[in-house]
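To keep things clear, I will list the structure first and then write my remarks on it.
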Amino acid sequence: MTERPTKTYWIGFCVVLALLIAAPLVLPEFWRRFLTEVLIWGLLAMSSDLLIGYTGMISFGHSAFFGLGMYGAAAALLLVSPPNLWLAIGSVLVAAAAVALFVAYFSTRLRDIYFAITTLIFSQIFYVIIFTWTPVTGGENGLIFSQPPLSIPFLPPIRFTGTTLHWFVLAVVTASYLILRRVTQSPFGMVLQSIRENEGRTRAIGYPVERYKIVAVMLSGLFAGLAGVLYAIQNKFAAPDFVHFLTSGDTVIFNVMGGIGTLVGPIVGAGAFQLLRELLSRLFGDQFPYLIPLGFVFILIIIFLPQGLLGFARRWLNR
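And the structure:
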């Protein structure tokens with residue numbers, strides 16, 4: 000009974016992956032860049048889905064991890080000569096995991112709205128530090144750096160183009176998705192889902208709930224930091240605007256629009272949100288606040304598609 004769904008899943012996975020690989024070869028430059036950004040935002044949303052969808056913990060602090068990834072990559076690339084992409088990624092992953100551990104130590108002692116508020120406070124503290132520590136972070140001007148080459152052992156350095164950068168981002172996001180999928184389907188992931196369903200019973204049968212929560216926050220923060228690295232490399236700058244709590248709010252919206260607890264859903268939600276925002280801004284221009292109709296679309300999705308766009312697609316296909 001499980002062989003056919005698994006086979007269908009992997010066929011669909013390979014088809015979608017092939018389309019994403021071929022997309023930059025046929026898309027105009029703007030839409031190619033747009034698709035690359037959607038993948039990066041999808042990775043950020045997917046990292047938060049590990050908490051929201053699988054552990055039942057709503058986090059408004061992912062902008063801090065995302066910003067840490069951006070500024071960590073910028074600092075590593077500016078301070079080390081010649082710039083090394085892998086050193087920047089490795090240092091950011093270690094830093095993001097360490098900061099996430101610090102945040103998790105305090106925030107996981109709380110539940111529900113108190114956990115969400117605590118993560119929000121930590122993100123705002125990080126935002127204030129970034130915004131005011133001008134000699135190090137550049138303040139409101141941010142940090143600008145040169146895009147590093149992609150160095151592969153036994154091969155000459157490869158300079159990024161729009162196409163090669165898209166493929167690199169796609170490879171990182173795909174690997175991250177497969178890792179997170181394996182995590183959520185492992186015994187560890189089953190315990191996280193048990194915590195989401197009934198934390199009291201999970202604790203009663205002997206699982207150290209706080210430790211599982213801490214590890215979940217660490218993993219989530221690590222992949223959020225990785226998304227920040229990719230965004231910084233694509234745009235060649237780190238700015239404090241992306242550390243603001245609005246980025247965390249967008250991340251939650253991506254999850255709700257696409258489908259919570261699916262990993263793929265947040266990527267779909269990120270793509271739908273960014274596409275709607277782009278089309279509505281072109282339709283209304285600067286004469287009308289285009290976020291108002293986007294807000295109405297989001298409300299309609301919550302009311303009529305509570306399982307998100309991916310959940311609706313699954314129900315439609317299974318009819």
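In terms of numbering that gives the first Met the number 0, the sequence shown is residues 0 to 318.
Note that beta-carbon positions come from the ideal geometry of N, C-alpha and C, so glycine has one too.
Quick caveat, the model's predicted, so the values are computed rather than measured.
Between the options, which lies nearest to residue i when the distance is taken from Cα to Cα?
i      : options                          : result
Ser280 : Gly270, Ala269 and Pro292        : Pro292
Val93  : Val79, Trp40, Gly68 and Arg108   : Gly68
Phe324 : Gly258, Met45, Phe297 and Leu100 : This structure does not reach residue 324, given that the chain is present from 0 up to 318, and the question cannot be answered.
Tyr70  : Ala226, Leu19 and Leu179         : Ala226
Leu84  : Ser62, Pro148 and Leu245         : Pro148
Thr354 : Met217, Ile266 and Pro288        : For residue 354 there is no data in the structure shown, the boundaries of the chain being 0 and 318.
Thr163 : Leu19, Val14 and Thr5            : Leu19
Gly141 : Leu218, Tyr126 and Val14         : Tyr126
Please classify residue i: does DSSP put it in a helix, a strand, or coil?
i      : result
Leu142 : strand
Ile259 : coil
Ile151 : coil
Lys6   : helix
Ala237 : strand
Ile57  : coil
Ile157 : strand
Gly227 : helix
Tyr206 : coil
Gly52  : coil
Pro23  : helix
Pro186 : helix
His243 : coil
Ser80  : coil
Is it right to say residue i is buried, meaning 16 or more other beta carbons lie within 10 angstroms of its own, or is it exposed?
i      : result
Tyr113 : exposed
Thr7   : exposed
Gln233 : buried
Met199 : For the sequence presented, residue 199 should be read as Gly rather than Met. Exposed: under 16 other Cβ atoms inside 10 Å.
Met189 : exposed
Ile178 : exposed
Asp249 : buried
Asn197 : exposed
Arg314 : exposed
Trp9   : exposed
Asp48  : buried
Trp132 : exposed
Phe29  : exposed
Leu335 : Coverage of the chain is limited to positions 0 through 318, which leaves residue 335 absent and any answer about it impossible.
For residue i, which residues of its own chain have a beta-carbon under 6 Å away from its beta-carbon, when the five flanking residues on both sides are left out?
i      : result
Ala115 : Ile57 and Phe59
Ala87  : Ala72, Ala75 and Leu76
Tyr104 : none
Ile213 : Ala103 and Thr107
Phe222 : Ser46 and Ser175
Pro82  : Leu76 and Pro147
His61  : Ser47, Ala223, Ser247 and Thr250
Cutting at 7 Å between CB atoms, please list the residues of its own chain near residue i, excluding the five before and the five after it.
i      : result
Ile129 : Gly66, Tyr70, Thr136, Pro239 and Val242
Val208 : Ile194, Glu198, Thr201 and Arg202
Using a Cβ-Cβ cut-off of 8 Å (strictly less than) and excluding sequence neighbours within five positions of residue i, which residues of its own chain qualify?
i      : result
Ala271 : Met256, Gly257 and Leu308
Val296 : Leu275
Gly11  : none
Discussion item. Runs of 4 residues minimum, wholly inside the stretch 252-316: which ones carry the alpha helix (DSSP H) assignment?
Written reply: 263-283, 290-303 and 307-316
Worksheet item: At what residue ranges does the stretch 105-142 contain a whole run of the alpha helix (DSSP H), taking only runs of 4 or more?
Response: Correct list: 111-131 and 133-136.
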